[in-house]
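**Q** Here it is, the structure in full.
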Amino acid sequence: MLKYLAKRLISMIPVVIAITIIIFALVKAMPGDPARMMINPALKEEQREAAYRAMREKLGLDYPMPVQYVKWIAATLSGDLGWSSMNNRPVKEVIAEPLRNTLILNVFVTICEIAVILPVGVVMAVRRGSLIDKFWQVFSLIGYSMPSFFIGLSLIFIFALKLKLLPPGSMPIAAYGKDLAYYLSWFKYMLLPMLSLTIISIAGSIRYVRNAMIEALSQDYIRTARSKGLSEKVVIYSHAFRNALIPISTIIIMSVFALLSGSAITEQVFAWKGIGYTLVLALNNRDYMLVITLNLLSTMLAITANIVADITYGIVDPRIKLE
Amino acid sequence: MEKKTVHEPNTHPKESTGVKLGKSFGSMFKRLFVREKDPLSVLEEEALQTPTQTIIKNFIRTKLGVVGVVAFILILLFSFVGSELRPIDESYQEPALSNVRPGANYLKYPSAIVKEGVKEISSGISFSVALTNQGNVYIWGKQPIYLSGRATSIFKLPKDFPQGKIAHIAAGDRFWVAISEDGKFYGFGYNNFSQLEVPQNVKMKIQTTAVRQLLAGEGVTGILLENGEIYIWGSTLATRQDIVPAAYQGRIVHAEITPLNVVVLLDDGTIGVFGTEGNEISDIPEELTDGSVKVVDFTTSGRAAMALDSEGKLHIWGSVMHGLLNIPEFEGNVVDLFGGKNNFGLLLDNGELVYWGANHFNQLKMPKEAKHTKYVAVYSDIFQNFAVAEDGTISAWGHEGFIFGSDQFGRDNLTRLIHGGRISLTVGAIAMIISVIIALIIGLVSGYFGGWVDNVLMRFTDVVISIPFMPLAITLSTIVTGSVPEMYRIYMIMVILGFLNWPGLARLIRAHLLLEREKDFVLAARALGVKQRNIMVRHILPNIFNLVIVNVTLGYASALLMESALSFLGFGVAPPTPSWGNMLDSAQKSTVIEYYWWRWVIPGLAVVFAALSVNLIGDALRDAMDPKASEK
Numbered sequence: 001m002l003k004y005l006a007k008r009l010i011s012m013i014p015v016v017i018a019i020t021i022i023i024f025a026l027v028k029a030m031p032g033d034p035a036r037m038m039i040n041p042a043l044k045e046e047q048r049e050a051a052y053r054a055m056r057e058k059l060g061l062d063y064p065m066p067v068q069y070v071k072w073i074a075a076t077l078s079g080d081l082g083w084s085s086m087n088n089r090p091v092k093e094v095i096a097e098p099l100r101n102t103l104i105l106n107v108f109v110t111i112c113e114i115a116v117i118l119p120v121g122v123v124m125a126v127r128r129g130s131l132i133d134k135f136w137q138v139f140s141l142i143g144y145s146m147p148s149f150f151i152g153l154s155l156i157f158i159f160a161l162k163l164k165l166l167p168p169g170s171m172p173i174a175a176y177g178k179d180l181a182y183y184l185s186w187f188k189y190m191l192l193p194m195l196s197l198t199i200i201s202i203a204g205s206i207r208y209v210r211n212a213m214i215e216a217l218s219q220d221y222i223r224t225a226r227s228k229g230l231s232e233k234v235v236i237y238s239h240a241f242r243n244a245l246i247p248i249s250t251i252i253i254m255s256v257f258a259l260l261s262g263s264a265i266t267e268q269v270f271a272w273k274g275i276g277y278t279l280v281l282a283l284n285n286r287d288y289m290l291v292i293t294l295n296l297l298s299t300m301l302a303i304t305a306n307i308v309a310d311i312t313y314g315i316v317d318p319r320i321k322l323e
Numbered sequence: 324m325e326k327k328t329v330h331e332p333n334t335h336p337k338e339s340t341g342v343k344l345g346k347s348f349g350s351m352f353k354r355l356f357v358r359e360k361d362p363l364s365v366l367e368e369e370a371l372q373t374p375t376q377t378i379i380k381n382f383i384r385t386k387l388g389v390v391g392v393v394a395f396i397l398i399l400l401f402s403f404v405g406s407e408l409r410p411i412d413e414s415y416q417e418p419a420l421s422n423v424r425p426g427a428n429y430l431k432y433p434s435a436i437v438k439e440g441v442k443e444i445s446s447g448i449s450f451s452v453a454l455t456n457q458g459n460v461y462i463w464g465k466q467p468i469y470l471s472g473r474a475t476s477i478f479k480l481p482k483d484f485p486q487g488k489i490a491h492i493a494a495g496d497r498f499w500v501a502i503s504e505d506g507k508f509y510g511f512g513y514n515n516f517s518q519l520e521v522p523q524n525v526k527m528k529i530q531t532t533a534v535r536q537l538l539a540g541e542g543v544t545g546i547l548l549e550n551g552e553i554y555i556w557g558s559t560l561a562t563r564q565d566i567v568p569a570a571y572q573g574r575i576v577h578a579e580i581t582p583l584n585v586v587v588l589l590d591d592g593t594i595g596v597f598g599t600e601g602n603e604i605s606d607i608p609e610e611l612t613d614g615s616v617k618v619v620d621f622t623t624s625g626r627a628a629m630a631l632d633s634e635g636k637l638h639i640w641g642s643v644m645h646g647l648l649n650i651p652e653f654e655g656n657v658v659d660l661f662g663g664k665n666n667f668g669l670l671l672d673n674g675e676l677v678y679w680g681a682n683h684f685n686q687l688k689m690p691k692e693a694k695h696t697k698y699v700a701v702y703s704d705i706f707q708n709f710a711v712a713e714d715g716t717i718s719a720w721g722h723e724g725f726i727f728g729s730d731q732f733g734r735d736n737l738t739r740l741i742h743g744g745r746i747s748l749t750v751g752a753i754a755m756i757i758s759v760i761i762a763l764i765i766g767l768v769s770g771y772f773g774g775w776v777d778n779v780l781m782r783f784t785d786v787v788i789s790i791p792f793m794p795l796a797i798t799l800s801t802i803v804t805g806s807v808p809e810m811y812r813i814y815m816i817m818v819i820l821g822f823l824n825w826p827g828l829a830r831l832i833r834a835h836l837l838l839e840r841e842k843d844f845v846l847a848a849r850a851l852g853v854k855q856r857n858i859m860v861r862h863i864l865p866n867i868f869n870l871v872i873v874n875v876t877l878g879y880a881s882a883l884l885m886e887s888a889l890s891f892l893g894f895g896v897a898p899p900t901p902s903w904g905n906m907l908d909s910a911q912k913s914t915v916i917e918y919y920w921w922r923w924v925i926p927g928l929a930v931v932f933a934a935l936s937v938n939l940i941g942d943a944l945r946d947a948m949d950p951k952a953s954e955k
């Protein structure tokens, strides 16, 4: 198991290096001169040129690209992520909150998603062609044909504006300190984006769970188990479901991956101050260091999800250890 | 023979041998030349049909797939044929018509007004009010949307409303007012500038003096009394339309309100203007003010005005926009003149109509019957025109309303939906083609060459697939669109979507290529001495072709969704070019979501329908190509 994991981690290293090069190149290709944007606009004409020179020197923009890249990597690895021009604070401080918001939202969504797709997927497979099966198939078909912002806007329209049950978006302000009431209201603000993302994730993954379960149910060992006279419950849950877990874990990991990409839009719709929302803000304000860090961050999250997937395979499928 | 009759109880016992013989010949003939209709078994199917035929048959058998194809063809017709039939002027905006509710009944007047005879028709931006000769009021059209509490329904008349005793009506932009024969004032619709509340001093006046004319403009109401006095109130803080010069008061015969001014005809046949100064309308030609000509009638449009003097000559002044000042040539004498918001019209003594100006809402497109009808009265207001003929019938033309409502700039949602569909469907298709080409090249090269080439390409695929799509796409969009002109931006979006979408398909192609390569038919081909390249192109490629088709179809649906998401975030197709995504761009405010629902529901549903129909096709194709999958 450990050996397998180590092998996977080592094979990730070139991928990570390539990704950092791509992201670095992307941000360097962005229009505008970061040094010019960071000098004080109140300076006089003759002072400005000198300040610009000094700023270029400070940001290391005069070095050749490979040197800049190595310097940037070294700084990033040592924990120095640069300066956010938009917030006028170190990037490290700026990204803490969006990272936390995105992670909490996505963890809740994943929990809700698993809580729905496992039981419903099994029922769909066992009672194929039943009303429940048909309902969820239609739900899934419509759900993954829907743009995520449309689901978000519809939820705002119904729950926030018409029924007035939940806030339409944004996040609470900790005016009186972070007491219990603050956390409760924080959760209330999270409900709609969570619901929106959960619907999208369920629609995208439930029929794969169903298919995996049907595949498992059609295997020979299920017939053997039935002919042994085992109860249907045991056949379904300890024989079929256990074996379906391997493809199902892939499906869940894929959906977490999709979540990381897709939550940018939902965050924007609900003004949920996560990584995606902050990235849009940073792009519109040409905050280079923040853009570079947020891209890196979302990629690292995705790669982590991949590695977690590998560990999960090892747990659910003992055969993998042998490889 | 006897045995046979036992087995075939239906055969007539008295049948002659000849008939029997003929019958068996007949059945032989049938068996030889008429095709059997029985469904084929699996083996027969494979023997008699090409795989393509099987796929098409299976596809037609899945009803949802056919529904998807029909729906998608309808969407294509809607966008591509529709955009030819309904051209768009991307830069045209009409702020007066912003956020108008869906509805196309602005010209559908109630038949009762024909019966009772029209005394007056006045139109607001989305409704019209008619006063009949019997003193009744009729309202039709759509309620202008109101967000503040200071507004009422334009349709709901109070119980004490004196139907049958109404003397004058006038419609402003989003409200209308009426005055009864006994001098009581009524107002409906927007009241955001207190335009529906008569000031106290005016209330006294209208109790004692008869009213000659009611006036209504953009948030402004006015009353002209028989003694020549005029009173204006409402949204006058910036325009100062309420300050009537002392030289005019008491001498006014006729008045009209424009957005910035009030134009009046004085008792000596000269024209006066008050309100804001230094605009197109306040700049009156000298001959109209110095008494050298005697004006008998005048009219105003939004930014120009026109007067008729006693010798039948027309004087026109104001903005040159929309060709307002270019009076077309006509024969006959002018009886009456009228102005809509962006156009002018004349009624001649032979009953003909002459119209010119803007034609964005078909204001110039008179109905067919206009050619041989003699009109006696015409009412043109904003964009709606109603002409009453000698026999009392009414011809209506101009702005019918927006079936799908209008957006914040007063643009027609339907037109933008049609053209947006053309853009969105095209961007999605080209993005998909780009990504399929890349995926085919990388997948085939990787699977064909193997070794280090395969290793490098697959690691590269890993890299692209590891970066979450949305953050990368919006970053790329910012970079690329910052350095190319606006008009190329749309091509850049296609390229970005194409370049980010290929890895999944490339992996799939490679995996199936490796699978197919080990099969017996490849071995057989190799044993026959077929060249490696031909094995690839002629034998293996056709086998993964189905896979590519299904994934292209499903990928097209997701490309549509991605384009709409990018444009929604403001990183896709740039306005004013419409796309289904950027039509929703402005819908992120809660007022828009709650009150102007048509601005996000309609383009959103368009994306849903397009993606749904493509997904249905894709699913049905997959089931048709892999019958085992459909048995699940």
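Residue numbers (the numbering used here), protein chains in the order written: chain C, 1 to 323; chain X, 324 to 955. Glycine is no exception: its CB is placed at the ideal position from the N, C-alpha and C atoms.
Could you spell out where the beta strand (DSSP E) holding residue 946 of chain X opens and where it closes?
**A** Position 623 of the second sequence, counting from 1, holds the residue named residue 946 of chain X. Premise fails: residue 946 of chain X lies in the alpha helix (DSSP H), 921-948, not in any beta strand (DSSP E).
**Q** Alpha carbon to alpha carbon, what distance is there between residue 371 of chain X and residue 326 of chain X?
**A** Position 3 of the second sequence, counted from the first residue, corresponds to residue 326 of chain X. Position 48 of the second sequence, counted from the first residue, corresponds to residue 371 of chain X. Note that residue 326 of chain X has pLDDT 40, beneath the 50 cutoff, so the model's placement of it is unreliable and no number is given.
**Q** Identify the continuous beta strand (DSSP E) that holds residue 509 of chain X and give its terminal residues.
**A** On the second sequence, residue 509 of chain X is found 186 positions in, with the first residue counted as 1. Run containing residue 509 of chain X: 508-512, per the beta strand (DSSP E) assignment.
**Q** The beta strand (DSSP E) spanning residue 659 of chain X covers which residue range?
**A** For the purposes of this step, residue 659 of chain X is identified with residue 336 of the second sequence, where counting begins at 1. Its beta strand (DSSP E) spans residues 657-662.
**Q** Taking all protein chains shown into account, do 16 or more other C-beta atoms lie within 10 angstroms of the C-beta of residue 695 of chain X, making it buried, or fewer, making it exposed?
**A** If you number the second sequence from 1, residue 695 of chain X lands on position 372. The residue is exposed, with fewer than 16 neighbouring Cβ atoms inside 10 Å.
**Q** At 3 residues or longer, what runs of the beta strand (DSSP E) sit wholly inside the region 570-656 of chain X?
**A** Taking only runs of at least 3 residues, the beta strand (DSSP E) segments lying wholly in the region 570-656 of chain X are 575-580, 584-589, 594-598, 618-623, 627-632, 637-641.
**Q** Is residue 868 of chain X buried or exposed, if buried means 16 or more other CB atoms sit within 10 Å of its CB?
**A** On the second sequence, residue 868 of chain X is found 545 positions in, with the first residue counted as 1. Result: exposed.
**Q** At which residues does the beta strand (DSSP E) containing residue 491 of chain X begin and terminate?
**A** Translated into the one-based positions of the second sequence, residue 491 of chain X becomes position 168. Here the beta strand (DSSP E) through residue 491 of chain X covers 489-494.
**Q** Tell me whether residue 342 of chain C is buried or exposed, calling it buried when 16 or more other Cβ atoms sit within 10 Å of its Cβ.
**A** For chain C, the structure presents residues 1 to 323; residue 342 of chain C sits outside this window and is missing.
**Q** Does the Cβ-Cβ distance between residue 641 of chain X and residue 679 of chain X come in under 8 Å?
**A** What you label residue 641 of chain X is simply residue 318 of the second sequence in a count that begins at 1. What you label residue 679 of chain X is simply residue 356 of the second sequence in a count that begins at 1. No; because the gap between Cβ atoms is not below 8 Å, this pair is not in contact.
**Q** May I ask you to list, following chain order, the residues of the region 265-288 of chain C that have a beta carbon less than 9 Å from some beta carbon of chain X?
**A** So the close ones are 265, 268, 269, 271, 275, 276, 279, 280, 283, 284, 286.
**Q** Whole angstroms is fine: what's the gap from residue 121 of chain C's alpha carbon to residue 151 of chain C's?
**A** For the purposes of this step, residue 121 of chain C is taken as the residue at position 121 of the first sequence. For the purposes of this step, residue 151 of chain C is taken as the residue at position 151 of the first sequence. Their Cα atoms are separated by approximately 22 Å.
**Q** Whose CA, out of X/849, X/835, X/660, X/905, lies closest to the CA of residue 740 of chain X?
**A** As a first step, residue 740 of chain X is located in the second sequence; it is residue number 417 there, counting from the start. Comparing Cα-Cα distances from residue 740 of chain X to each of X/849, X/835, X/660, X/905, the minimum goes to X/905.
**Q** Just how far apart, CA to CA, sit residue 455 of chain X and residue 499 of chain X?
**A** As a position in the second sequence, residue 455 of chain X is number 132, starting the count at 1. As a position in the second sequence, residue 499 of chain X is number 176, starting the count at 1. If I take the Cα positions, the gap works out to 16 Å.
**Q** So with CB distances below 8 Å, who are the chain C contacts of residue 923 of chain X?
**A** Numbered from 1 along the second sequence, position 600 holds the residue referred to as residue 923 of chain X. Those are 150, 153, listed as they occur along chain C.
**Q** Is the region 858-872 of chain X in contact with the region 788-804 of chain X, if contact means three or more CB pairs nearer than 8 Å?
**A** Contact between the region 858-872 of chain X and the region 788-804 of chain X is absent, because fewer than three Cβ pairs lie under 8 Å.
**Q** Where residue 734 of chain X and residue 742 of chain X are concerned, what is the direct C-alpha to C-alpha distance, given to the nearest angstrom?
**A** Mapped onto the second sequence, residue 734 of chain X falls at position 411. Mapped onto the second sequence, residue 742 of chain X falls at position 419. If I take the Cα positions, the gap works out to 12 Å.
**Q** Report back the beta-carbon spacing between residue 594 of chain X and residue 618 of chain X to the nearest angstrom; my notes put them in contact at under 8 Å.
**A** Position 271 of the second sequence holds residue 594 of chain X. Position 295 of the second sequence holds residue 618 of chain X. Confirmed, Cβ separation roughly 6 Å.
**Q** Helix, strand or coil: how does DSSP classify residue 504 of chain X here?
**A** Here residue 504 of chain X refers to the residue found at position 181 of the second sequence. Three-state DSSP puts residue 504 of chain X in coil, outside helix and strand.
**Q** Where residue 513 of chain X and residue 752 of chain X are concerned, what is the direct C-alpha to C-alpha distance, given to the nearest angstrom?
**A** Stepping through the second sequence from its first residue, residue 513 of chain X is reached at position 190. Stepping through the second sequence from its first residue, residue 752 of chain X is reached at position 429. Computed Cα separation, rounded: 46 Å.
**Q** Three or more beta-carbon pairs under 8 Å between the region 264-274 of chain C and the region 90-108 of chain C, yes or no?
**A** Counting Cβ pairs under 8 Å, three or more are found: they touch.
**Q** Between residue 295 of chain C and chain X, is the shortest Cβ-Cβ distance under 8 Å, so that the two count as touching?
**A** Stepping through the first sequence from its first residue, residue 295 of chain C is reached at position 295. Yes, because at least one Cβ of chain X sits closer than 8 Å to the Cβ of residue 295 of chain C.
**Q** Residues of the region 507-529 of chain X with a CB closer than 8 Å to any CB of chain C: list them in chain order, please.
**A** Cβ contacts with chain C come from no residue of the region 507-529 of chain X.
**Q** Residues of chain X with a CB under 9 Å from the CB of residue 146 of chain C: which are they?
**A** The residue labelled residue 146 of chain C in the question sits at position 146 within the first sequence. What residue 146 of chain C touches in chain X: 884, 927, 930, 931, 934, 935.
**Q** Let me know if residue 233 of chain C comes out buried or exposed under the rule of 16 or more other beta-carbons within 10 Å of its beta-carbon.
**A** Within the first sequence, numbered from 1, the residue matching residue 233 of chain C stands at position 233. That one is exposed.
**Q** Can you find a CB in chain C that lies within less than 8 Å of the CB of residue 913 of chain X?
**A** Start at 1 with the first residue of the second sequence, and residue 913 of chain X comes out as number 590. Chain C, which has a Cβ nearer than 8 Å to the Cβ of residue 913 of chain X, makes this yes.
**Q** For residue 299 of chain C versus residue 790 of chain X, is the C-beta distance shorter than 8 Å?
**A** As a position in the first sequence, residue 299 of chain C is number 299, starting the count at 1. As a position in the second sequence, residue 790 of chain X is number 467, starting the count at 1. Yes, Cβ-Cβ distance for residue 299 of chain C and residue 790 of chain X is below 8 Å.
**Q** How about residue 683 of chain X and residue 429 of chain X: are their beta carbons less than 8 Å apart?
**A** Taking the second sequence and counting its residues from 1, the one referred to as residue 683 of chain X is at position 360. Taking the second sequence and counting its residues from 1, the one referred to as residue 429 of chain X is at position 106. Result no, Cβ atoms of residue 683 of chain X and residue 429 of chain X do not sit closer than 8 Å.
**Q** Tell me the rounded alpha-carbon separation between residue 421 of chain X and residue 729 of chain X.
**A** What you label residue 421 of chain X is simply residue 98 of the second sequence in a count that begins at 1. What you label residue 729 of chain X is simply residue 406 of the second sequence in a count that begins at 1. Each residue's Cα considered, the two are about 6 Å apart.
**Q** From which residue to which residue does the alpha helix (DSSP H) around residue 784 of chain X run?
**A** As a first step, residue 784 of chain X must be located in the second sequence, where it is residue number 461. 774-789 is the span of the alpha helix (DSSP H), which, as asked, contains residue 784 of chain X.
**Q** With a CB to CB cut of under 8 Å and the five nearest residues on each side skipped, what residues in its chain are close to residue 571 of chain X?
**A** By 1-based counting over the second sequence, the position of residue 571 of chain X is 248. 553, 587, 589, 595, 597.
**Q** Name, please, each residue of chain A whose Cβ falls closer than 9 Å to the Cβ of residue 606 of chain X.
**A** Annotation note: the requested chain A is absent from the structure, which comprises protein chains C and X.
**Q** Check this for me: beta carbons of residue 688 of chain X and residue 712 of chain X, under 8 Å apart or not?
**A** Translated into positions along the second sequence, residue 688 of chain X becomes position 365. Translated into positions along the second sequence, residue 712 of chain X becomes position 389. No, they are not a contact pair.
**Q** Residues of chain X with CB under 7 Å from residue 29 of chain C, in chain order?
**A** By one-based count along the first sequence, residue 29 of chain C stands at place 29. What residue 29 of chain C touches in chain X: 802.
**Q** May I have the straight-line CA-CA distance separating residue 159 of chain C from residue 167 of chain C, to the nearest angstrom?
**A** Here residue 159 of chain C corresponds to residue number 159 of the first sequence, with the count starting at 1. Here residue 167 of chain C corresponds to residue number 167 of the first sequence, with the count starting at 1. When rounded, the distance between both Cα atoms is 8 Å.
**Q** Report the rounded CA-to-CA distance for residue 1009 of chain X versus residue 811 of chain X, giving the unit in angstroms.
**A** Summary: the structure shown does not reach residue 1009 of chain X, with chain X confined to residues 324 through 955, and so no result is reported for it.
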